[in-house]
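I have placed the structure first, in the form of C-alpha cells, so that the comments after it can refer back to it.
Protein chains: 2
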Amino acid sequence: MEKLQRNERLAAMLKIMIDAPGKIFNLGSFSDMLGSAKSSLSEDMDILRGTLEKFGLGTIETIPGASGGVRYLSLPGEEKVKTLLNTLSSELSRKERILPGGFLYMLDIIYDPQMVSDLGMVFAEHFLHTEADYVITVETKGIPLAFMTARYLNTPLVIVRHYNEAADGASVNINYISGSSKTIQTMVLPLRSLKRNSRLLFIDDFMKGGGTTRGILELAHEFECEVAGIGVLIQTLKPEKKLVDNYFSILTLKNVNEEEKIIEIEPTGRNREIK
Amino acid sequence: MEKLQRNERLAAMLKIMIDAPGKIFNLGSFSDMLGSAKSSLSEDMDILRGTLEKFGLGTIETIPGASGGVRYLSLPGEEKVKTLLNTLSSELSRKERILPGGFLYMLDIIYDPQMVSDLGMVFAEHFLHTEADYVITVETKGIPLAFMTARYLNTPLVIVRHYNEAADGASVNINYISGSSKTIQTMVLPLRSLKRNSRLLFIDDFMKGGGTTRGILELAHEFECEVAGIGVLIQTLKPEKKLVDNYFSILTLKNVNEEEKIIEIEPTGRNREIK
C-alpha cells in the first residue's frame, strides 16, 4: 500500500471511530490498516482530540492497558446542549401542538433522526459513568431515543413490549399499574434478551406518574439485573411525587393550558435535577 | 479566531457532515465557522472525498446551484456489504437460534446498534434514488432499522402503531389481513404524521406473506401518499407469491428445520432481487 498522508489517515480514522462511538480501537489495528507507525498514529490522535474539543464535537479518550486503545466519545459540550434544549423547548411550546385533552403533539420531534441523535448524545454523556451493559426501553415512542443512546454508549438495546409474540420464545411477563391512569398493563420481555447480573440504563420519552419506570424496576429484578440509571426526555411537573425518585429528565412540562393555548415547558436544568 | 490548519479543518468538517448524513452544507457556512476561504475548503472536500472513497467509507457529493453545497453519503461499498451479509447469515444460522415452533431468535441482531447502523446504510444506499420524503415502519421490531435508514437518508421517521393512543390526536385507522396468519389486524397513524402527496420508503425487519406491506400501501393511499420503495431485512422463501411484488430484501430465509436444527439463510443477492 502506498504511504498515506497525515490528512488521509486523520480522515479515515476519524470516520471509523465516529461510526462506532464508544468502541475501543487498538492502535495496532489502525497501524495494520493504514501502514503507519504507531507513534505517528498517536500524534494523529492528539490532533483529532484537539480539534474535536476545540469545536465542542466530542473527544478521543485513550484507555491504557493491554485491552486499551482509543475511543471516540460523542460529548456534546455544555454550549451545544444549552442551545439544543432551548430550541427544543421553544419548538415544543408552539400552540399548534396542543391536542384535544391537553396532550402535546411531539411525534415529529421524538422520531426526528437529527434531534434524536443529539438527545441520544445528551443521555449518553450523562450516563457514561453508569457503565451500563444494556439500554432498555418500553415500546414504542422512546425506541429511537433509547436506540441512539445505546449507539453512543456502544451497548445493545433491549425493547420491552406490551404483548406477547410467539416468535421471540419464552418470556417473562409482569403486570404493573400505570402511575397516572391507574390501569393494569403488561410488560413482556423474552428470556434471552438479558444476561443475568447486568446493569441496565432505562430510557423513555415521557414520565408522568412513574408507573412504567416502576414496572421496569420489577422486570429487572426478575432478570436479576440492576437498573443503574433512568433517563426521560420529558417529565411532567405534576404529580411532583413520582413512583420512582432517582431519575434524570431533560425537559420539564410544567403546564398545558388548552383554553388559552399556552404550553410551559423548559429544560429541567442540571442543578434542579430531582434526586 | 486563529487560523486553522488544514488537518483541523478536515477533522471538524468531516465530523459535522458525518453527524448529519445526507444533509446539504453550504461551503459558505463552513467558511464562516472556520475562517477559511471557500477555495481552500473546496480543496479540503476533494481530500475528504478521495480518502473516504479509497477506504470504502462513503463519499462527499457536490450539489451545484443556489441551494447547493456538499453532503456526506454513507455508501458502504460492495466489499463491505458482502462481508456484512456473510457475517450476518452465518450468525443467524447458528442452531441455538431455533425457537419452539420453528421461529428464529434474532432480537439481539435487529436491536444491535452497530449491526443496525450498517444495515441502515445498505438500505439508504439502495433507496437513495427514490428521493423519499419519509421512512415509514410498523411497530416494533423494524423501528431501529427504519430509524437508521431515515438517519442516513436525512428524512423524518414515521411509526405506524397497532393501537390507538389518545395522546397523539386524531388518526387514520385501517384494518388489514396478515398475509401469513390470516388474522385481521389494525394500523393506526396520527393525521399529523404525514404531509399529503409525499413519497414514502417502507422499511421492516421481516416479510412472509406481505400482508403488512399491503396494509402500508392502503394506509399510504388514505394519506394521498405514494410508497416509493419497500425494503425488508429478511424475506422468507415461501410463500413465493407475496401480496406485493416490488420490494428489496437483504436476506432470504429458505428453511428452518426444527428437528434437525438446521437454518438456511443467505443474502438475497442483487441479481436475484425480486422485482
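Going down the list, the protein sequences come from chains A and B. Numbering-wise, this note's numbering comes out as the position in the first sequence, counting from 1, plus 1. Numbering-wise, this note's numbering comes out as the position in the second sequence, counting from 1, plus 1. For each residue, glycine too, the CB sits at the ideal point set by N, CA and C.
An exposed status is given to glycine 103 (chain A), since fewer than 16 other beta-carbon atoms sit within 10 Å of its beta-carbon.
Below 8 Å, enough C-beta pairs join the stretch 229 to 245 of chain A and the stretch 127 to 141 of chain A to call them touching: three or more. When the beta-carbon positions are compared, leucine 11 (chain A) and leucine 49 (chain A) come within less than 8 Å of each other. Threonine 184 (chain A) is outside the set of residues whose beta carbon lies under 8 Å from a beta carbon in chain B.
In the DSSP annotation of this structure, the continuous segment of the beta strand (DSSP E) that includes glutamate 265 (chain B) starts and ends at 263 to 268.
DSSP assignment within the stretch 24 to 79 of chain A yields the following whole beta strand (DSSP E) runs of 3 residues or more, N-terminal first: 60 to 64, 70 to 74. Within chain B, no C-beta atom comes nearer than 7 Å to that of isoleucine 266 (chain A); the closest sits roughly 15 Å away. Taking the Cβ atoms as the reference, asparagine 155 (chain B) lies roughly 18 Å from glycine 66 (chain B), outside the contact range of under 8 Å. Cβ proximity to chain B below 7 Å picks out Phe104, Tyr106, Leu108, Asp109, Tyr112, Asp113, Pro114, Gln115 from the stretch 103 to 115 of chain A.
Within the DSSP bridge table, the entry for phenylalanine 207 (chain B) names B:Ile235 as partners. Look at the stretch 75 to 89 of chain B: the residues with a C-beta under 9 Å from a C-beta of chain A are Ser75. Distance between isoleucine 217 (chain A) and phenylalanine 203 (chain A), taken at the CA atoms: about 8 Å. Of B:Pro101, B:Thr60, B:Ile111, B:Ser40, the smallest CA-CA separation from leucine 89 (chain B) is found for B:Ile111.
Looking only at A:Ile178, A:Gly170, A:Gly59, the smallest Cα-Cα distance to tyrosine 153 (chain A) is reached by A:Gly59.
If you look at lysine 16 (chain B), you'll find it isn't in any beta strand (DSSP E); it sits in the alpha helix (DSSP H) that goes 7 to 20. The Cβ atoms of lysine 209 (chain A) and serine 181 (chain A) lie closer than 8 Å to each other.
Look at proline 240 (chain A): its C-beta is not under 8 Å from any C-beta on chain B. Per DSSP, the continuous alpha helix (DSSP H) segment holding valine 123 (chain B) begins and ends at 114 to 128. Rounded to whole angstroms, the separation of the alpha carbons of glutamine 236 (chain B) and aspartate 246 (chain B) is 12 Å.
Short of 7 Å from the beta carbon of valine 82 (chain A), and not among the five residues preceding or following it, lie these beta carbons of its own chain, in chain order: Val123.
Residue environment analysis places proline 101 (chain B) among the exposed positions, since fewer than 16 neighbouring C-beta atoms fall within 10 angstroms of its C-beta. About 5 Å separates the beta carbon of valine 139 (chain A) from that of valine 161 (chain A), a gap short enough to meet the 8 Å contact definition. For the stretch 187 to 216 of chain A, the set of residues with a beta-carbon nearer than 9 Å to any beta-carbon of chain B comprises Pro191, Arg193, Ser194, Phe207, in chain order.
Burial is judged here by how many other beta carbons sit within 10 angstroms of a residue's own beta carbon; tyrosine 177 (chain A) has at least 16 and is buried. If the five residues before and after glycine 70 (chain A) are omitted, its C-beta is found closer than 7 Å to the C-beta atoms of Ile25, Phe26, Asn27, Leu28, Ile64, all from its own chain and listed in chain order.
With at least 16 other beta carbons inside 10 angstroms of its own, threonine 141 (chain B) counts as buried.
Taking a C-beta distance under 8 Å as the contact criterion, leucine 108 (chain A) and aspartate 206 (chain B) do not qualify as a contact pair. The beta carbon of isoleucine 185 (chain A) sits closer than 7 Å to those of Asn176, Ile178, all from its chain and outside the five residues before and after it, given in chain order.
Taking leucine 195 (chain B) as the centre and dropping the five residues before and after it, the same chain places the C-beta of Tyr135, Val159, Phe224, Cys226 closer than 7 Å to its C-beta, in chain order.
If the five residues before and after tyrosine 73 (chain B) are omitted, its C-beta is found closer than 7 Å to the C-beta atoms of Met18, Ile19, Pro22, Gly59, Ile61, all from its own chain and listed in chain order.
Listed along chain B, the residues sitting closer than 8 Å to aspartate 169 (chain A) by beta-carbon distance are Leu100, Phe104, Tyr106, Leu108. Looking at A:Val228, A:Asn87, A:Asn174, the one whose alpha-carbon comes closest to that of asparagine 198 (chain A) is A:Val228. For leucine 42 (chain A), the closest C-alpha among the options A:Leu5, A:Glu54, A:Leu76 is that of A:Leu5.
Proline 191 (chain A) carries a strand assignment under DSSP once its states are collapsed to helix, strand and coil.
Here the alpha carbon of leucine 238 (chain A) sits roughly 39 Å from the alpha carbon of alanine 13 (chain B). At least one C-beta of chain A is nearer than 8 Å to the C-beta of valine 159 (chain B).
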